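Structure first, commentary second.
Protein chains: 2
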Amino acid sequence: MPLTDQPETKFSFHVLSQDPNTRARCGKITTAHGEILTPVFMPVGTQGTVKTLSPQELEDVGSQIILGNTYHLYLRPGEALLQQAGGLHKFANWRKPILTDSGGFQVFSLAELRKIHENGVKFQSHIDGSYHEFTPESVVRTQRCLGSDIMMVLDECPPYPSERSYVEKSTQLTSRWAERCFQAWQNSPPLYGHSQALFAIVQGSIFIDQRRLSCEQLLTFDFPGYALGGLAVGEPKSAMGEMIEVCNELLPENKPRYLMGVGKPEDLVEAVSRGVDMFDCVIPTRNGRKGQVFTANGPINLTNLIFREDFRPIAEDCDCYACRTFTRAYLRHLFHAEEILALRLGSLHNLRFYHKLMESMRSAIAAGGFLQWQKSFYATYQIKPTAAETASID
Amino acid sequence: MPLTDQPETKFSFHVLSQDPNTRARCGKITTAHGEILTPVFMPVGTQGTVKTLSPQELEDVGSQIILGNTYHLYLRPGEALLQQAGGLHKFANWRKPILTDSGGFQVFSLAELRKIHENGVKFQSHIDGSYHEFTPESVVRTQRCLGSDIMMVLDECPPYPSERSYVEKSTQLTSRWAERCFQAWQNSPPLYGHSQALFAIVQGSIFIDQRRLSCEQLLTFDFPGYALGGLAVGEPKSAMGEMIEVCNELLPENKPRYLMGVGKPEDLVEAVSRGVDMFDCVIPTRNGRKGQVFTANGPINLTNLIFREDFRPIAEDCDCYACRTFTRAYLRHLFHAEEILALRLGSLHNLRFYHKLMESMRSAIAAGGFLQWQKSFYATYQIKPTAAETASID
Numbered sequence: 013m014p015l016t017d018q019p020e021t022k023f024s025f026h027v028l029s030q031d032p033n034t035r036a037r038c039g040k041i042t043t044a045h046g047e048i049l050t051p052v053f054m055p056v057g058t059q060g061t062v063k064t065l066s067p068q069e070l071e072d073v074g075s076q077i078i079l080g081n082t083y084h085l086y087l088r089p090g091e092a093l094l095q096q097a098g099g100l101h102k103f104a105n106w107r108k109p110i111l112t113d114s115g116g117f118q119v120f121s122l123a124e125l126r127k128i129h130e131n132g133v134k135f136q137s138h139i140d141g142s143y144h145e146f147t148p149e150s151v152v153r154t155q156r157c158l159g160s161d162i163m164m165v166l167d168e169c170p171p172y173p174s175e176r177s178y179v180e181k182s183t184q185l186t187s188r189w190a191e192r193c194f195q196a197w198q199n200s201p202p203l204y205g206h207s208q209a210l211f212a213i214v215q216g217s218i219f220i221d222q223r224r225l226s227c228e229q230l231l232t233f234d235f236p237g238y239a240l241g242g243l244a245v246g247e248p249k250s251a252m253g254e255m256i257e258v259c260n261e262l263l264p265e266n267k268p269r270y271l272m273g274v275g276k277p278e279d280l281v282e283a284v285s286r287g288v289d290m291f292d293c294v295i296p297t298r299n300g301r302k303g304q305v306f307t308a309n310g311p312i313n314l315t316n317l318i319f320r321e322d323f324r325p326i327a328e329d330c331d332c333y334a335c336r337t338f339t340r341a342y343l344r345h346l347f348h349a350e351e352i353l354a355l356r357l358g359s360l361h362n363l364r365f366y367h368k369l370m371e372s373m374r375s376a377i378a379a380g381g382f383l384q385w386q387k388s389f390y391a392t393y394q395i396k397p398t399a400a401e402t403a404s405i406d
Numbered sequence: 013m014p015l016t017d018q019p020e021t022k023f024s025f026h027v028l029s030q031d032p033n034t035r036a037r038c039g040k041i042t043t044a045h046g047e048i049l050t051p052v053f054m055p056v057g058t059q060g061t062v063k064t065l066s067p068q069e070l071e072d073v074g075s076q077i078i079l080g081n082t083y084h085l086y087l088r089p090g091e092a093l094l095q096q097a098g099g100l101h102k103f104a105n106w107r108k109p110i111l112t113d114s115g116g117f118q119v120f121s122l123a124e125l126r127k128i129h130e131n132g133v134k135f136q137s138h139i140d141g142s143y144h145e146f147t148p149e150s151v152v153r154t155q156r157c158l159g160s161d162i163m164m165v166l167d168e169c170p171p172y173p174s175e176r177s178y179v180e181k182s183t184q185l186t187s188r189w190a191e192r193c194f195q196a197w198q199n200s201p202p203l204y205g206h207s208q209a210l211f212a213i214v215q216g217s218i219f220i221d222q223r224r225l226s227c228e229q230l231l232t233f234d235f236p237g238y239a240l241g242g243l244a245v246g247e248p249k250s251a252m253g254e255m256i257e258v259c260n261e262l263l264p265e266n267k268p269r270y271l272m273g274v275g276k277p278e279d280l281v282e283a284v285s286r287g288v289d290m291f292d293c294v295i296p297t298r299n300g301r302k303g304q305v306f307t308a309n310g311p312i313n314l315t316n317l318i319f320r321e322d323f324r325p326i327a328e329d330c331d332c333y334a335c336r337t338f339t340r341a342y343l344r345h346l347f348h349a350e351e352i353l354a355l356r357l358g359s360l361h362n363l364r365f366y367h368k369l370m371e372s373m374r375s376a377i378a379a380g381g382f383l384q385w386q387k388s389f390y391a392t393y394q395i396k397p398t399a400a401e402t403a404s405i406d
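Protein sequence lines, in the order shown, are assigned to chains S and W.
Everything in the first sequence is counted per our numbering, starting at 13 for the first residue and increasing by one.
Everything in the second sequence is counted per our numbering, starting at 13 for the first residue and increasing by one.
Here it is, written out as C-alpha cells:
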C-alpha cells in the first residue's frame, strides 16, 4: 500500500454548492494526502489506530480522513519514535489525510494534576504519572512530528457550566495561545515535505458575546480553518445550535468549519444545516463496541433479547461487511460471548452508517434539497430510544 | 458469500503421497463443504468464531477447516437457536468444513462439579452454574444440531499423570462411549442434508498397552477417522512421540489421524513425521493475542523493548496483511496501548505462519524429501526462547 504524499499540494478549501434554504453547504478540502468532500465525519484514531479496525477497513467503509490525539501519541509512542517512523501516516500506514487535535482537551479530561499557566499547561501522564508541559509552541512541534495534514491550536476548554468571569479570562487565554500557535506554525517547517494546515478553535462557552469576541480575535490571523470547541460538553442542545449559528455568521464562507467532538446522527444533521463542514466523535466506534448500532430507523442494541432469533442483518440497506455477512442473532451471540469480532463489526457498521449519512447529506445539498432531506430523515429516524433500545437485556 | 453445501458429497479420505523415509504422508479429505489437504492445521473457533478474526480473514490466510467447541456452543447460543439458524456454517457464515469436538474435554477442564457416570457426565455450566449432562447420545445430537462435517465421540481424557488402574477403567469407558456414539451416529439423520462423519478418540494416557487396547477396541467399528486424545496434557515430549508411534502402527493407513490440541510448530513437525494428518490448537491465536508471533527463526514477542525502533515487518517472507502493512515498531505500540488491532494482527499472522508451515510440509512430502525439509526447518527455527523472547519488557 504505497503512501500517496503529494508534497507540492497545498491545503485549500472550496465551497462546491450552497443549499438555498439552509446554511448547509458542500465543499472540498485538498491536502497533500488527498481530497476530502464535506460535510465529512472523521473517525477517531486516538492512539494511532481507529479502535478495532484496520486502515483497509476504514478505506472500505469510506473514511476520507481520520483523527489522531496528540496527547496520547505524545505520551506513547512519543515524538522521537514518530519522527523516526516518518510521521503518523507512515507509522500507522494510513495514506489518506489526518487531523490531529492539540492535546489540550485530553489534558483537561484525562491527565492528573493539570495546572494552567499563561505559558501553557502542566500535567501528569495518566499512564505513569510523569510530569509534562504543553505550550502553544510545543503542541505545534509535536504535531509537526506527527505530520498531520490539519493541526489544531492549543486552547482551553472551559467546563460546562462555567461562570462568565472565568469564561472571559479563558477566552482571552485561548486567543493569546492561538496567536502563539499561529506564529509557531509560520516559523516551523514541516518535517516530511508535505504542507500542514493549522486550524484555530473558537471558545466562549454558551455566552454569545464571548463566542463573537473569540471569532473576531481569531479572525485577525488568516487560519486555514476554524473549529468550534467547548460544545457538546453538557450544555442544552438549543444552546449548542445557537452558538453554532452565532459563530457561523462571523466565520468566513471560504474556510472550513469544524465542530469538535460531535456527535449523534441527529446532531450532525442539525449542525450541517447550520453550515458546519467537519465532525469527529467516538460515538460510532465506542457505542459500536457496546452493541449499539445505527439504522435508518434509529439506534438498536444488539445485546437485547428481541434479537435472539432475528436472522436479518443489522440493516437491509447497508453494504458493510457486517451486514453483508452476519445476522443480528449471530452478532448478539458474539456480544454475549464477549468476542472481539463483535466489537469490530459494531464499529465497522456504525462508521459505514455515519459515512453514508454524510454522503446522503452531500447529495441532498448538491441537489439543493437539504430541507426536504432533513424532513424525510426525521420522519424515519427515531431519536428517542426505541423498544429495541430500552428492552431489558436477558 | 454463498454457502457451498454439496449435500451429495460423502466424507472420504485418500492418501496422495507417502514420504519414503518417514511416516509423513499427504492426503485429501473430502466433505460436503469442500476438500481439505493434509497435513492440516485447524484454527480453533471456540464460540462460533476464531477469536478476533472474520471468516473472510480466515479464508485469506488459508484456513481449510475450523474447529468449534460443542461444550461452549451447547451452553451458548444453544442447540435450539443453532438449529433455527440452519447449523453452525450458516450461523457463523463459514462455508468451508467444520470439525466439532464432543464437549467432553471442556467439561473436564472448564465446568464445575463434574461427575462421571457410566451413562455420561454431569456438570455445572461455567457461565451460570446451571446443571447439564452430556451422554454419548446427547453429544451426537448436539453435533447434529451444529451440522459439523466431522463430529467427535464423547471420551474421558484422564489427567496426567494418572494411575494405571484409573487409566484402565477410563479407557474401557471411552471405548463403551465410542460404541454408543457410533450407534447414535448411525441411527440419526443429519439435519441439514449434508453428511457428517464421526471420529473416534484413542485414549490410554502414556501406557503403551492401554493405547494399543484403545486402538483395537475402537477399530472394531468402522469410524471414518481416528483421533489421538489425552496427549499434550503435561506428559514429556518423548512420551507423546512414543504414543503417536504406537497408535499409528495400529491405525489404518486409509483413515485420517488427528492429534488433538497440538501444538507448537515443532510439535506439528514431529507428529507429521510420525504420520499424523490433522491438528488443532489455540497457540497461534492465544499467543498472537499476547504478542508472541512466529517467524522462520522461531517465536518473538512484539512487546519487547528491542522492537521499539524496528521498522521491519514481523517476517520479511510473510504475505499476511500484518506483514504487508505494518512494522514491528507499530505493532509493539499497539500491544502496549492495548489496542484490539494488535490482537487481530498477531492472530492473523500466526495462523498464516501455521498454514504456510503445513503447506511447506505437504510440498516436502509430495516431493519425497520430508527428512531433508525437517533438517532445514530445525537448522533455522529456534525452539528455545530467543533473546527476543526473554528480553526484559520495558
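C-beta atoms are modelled at their ideal positions from N, C-alpha and C, and glycine is treated no differently.
Note that the coordinates shown come from a computational prediction; the quantities given were computed from them, not determined experimentally.
Enumerate in chain order the residues of its own chain whose CB-to-CB distance from residue i is below 8 Å, with the five nearest sequence positions on each side excluded.
i	result
aspartate 322/W	Thr339, Arg340, Ala341 and Arg344
Per the DSSP calculation, residue i is bridged to which residue(s)?
i	result
alanine 239/W	Ile213/W and Tyr270/W
isoleucine 41/S	Phe25/S and Ile48/S
aspartate 407/W	Residue 407/W is absent from the model: chain W starts at 13 and stops at 406.
lysine 134/W	Lys127/W and Glu145/W
isoleucine 377/W	Bridge partners of isoleucine 377/W: none, in fact.
glutamine 30/S	Arg37/S
glycine 80/S	Gly57/S and Thr112/S
phenylalanine 306/W	Pro311/W
isoleucine 318/W	DSSP output for isoleucine 318/W lists no bridge partner at all.
isoleucine 139/S	None; isoleucine 139/S has no bridge partner.
methionine 164/W	Phe211/W
How would you call residue i, buried or exposed, if buried means at least 16 neighbouring beta carbons within 10 angstroms?
i	result
proline 148/S	buried
aspartate 234/W	exposed
leucine 271/W	buried
proline 51/W	buried
tyrosine 390/W	exposed
glutamine 198/W	exposed
alanine 36/S	buried
histidine 101/W	buried
asparagine 266/W	exposed
asparagine 33/W	exposed
threonine 392/S	exposed
Can you find the residues in the same chain that come closer than 7 Å, C-beta to C-beta, to residue i, ignoring five residues on each side of it along the sequence?
i	result
histidine 26/W	Gly39 and Lys40
leucine 369/W	Pro277 and Leu280
glycine 253/S	Glu282 and Arg286
tyrosine 333/W	Leu360
serine 174/W	Ser217
tyrosine 172/W	Ser217, Val245, Gly246 and Glu247
glutamine 394/S	Asn309 and Gly310
serine 187/S	Ser226, Gln229 and Leu230
glutamate 91/W	Thr154 and Cys157
Residues in the same chain with beta-carbon distance under 6 Å from residue i, minus the five sequence neighbours each way, listed in chain order, please.
i	result
aspartate 331/S	none
glycine 300/S	Gly358, Ser359 and Asn362
glycine 132/W	Glu145, Phe146 and Thr147
serine 24/S	Thr42
Report whether the distance from the Cβ of residue i to the nearest heavy atom of the ligand GTP is below 7 Å.
i	result
glutamine 136/S	With respect to the ligand GTP, the structure shown offers nothing to examine, as it has no ligands at all.
Three or more C-beta pairs under 8 Å: does that hold for the stretch 52-65 of chain S against the stretch 128-143 of chain S?
no
Taking a cut of 7 Å between CB atoms, which residues from the stretch 342-359 of chain W lie near chain S?
Tyr342, His345, Leu346, His348, Ala349, Glu351, Ile352, Leu353 and Leu355
Taking only beta carbons into account, state which residues of the stretch 55-66 of chain W come closer than 8 Å to chain S, listed in chain order.
Gln59, Gly60, Thr61, Lys63, Thr64, Leu65 and Ser66
Residues in the stretch 102-129 of chain W having any Cβ partner in chain S nearer than 8 Å:
Phe103, Ala104 and Asn105
Mind checking the stretch 74-95 of chain S against chain W and listing, in chain order, the residues whose C-beta falls within less than 7 Å of any C-beta there?
The residues in question are Arg88, Pro89 and Leu93.
According to a CB-to-CB cut-off of less than 9 Å, which residues of the stretch 310-328 of chain S neighbour chain W?
Arg320, Glu321 and Phe323
Taking one C-beta from the stretch 73-81 of chain S and one from the stretch 104-115 of chain S each time, how about it: are there three or more such pairs within less than 8 Å?
Remark: three or more beta-carbon pairs, one from each stretch, lie closer than 8 Å, so the stretch 73-81 of chain S and the stretch 104-115 of chain S are flagged as touching.
Which residues, in chain order, does the stretch 290-307 of chain S contribute to contact with chain W at a C-beta distance below 9 Å?
Arg301
According to a CB-to-CB cut-off of less than 9 Å, which residues of the stretch 153-180 of chain W neighbour chain S?
none
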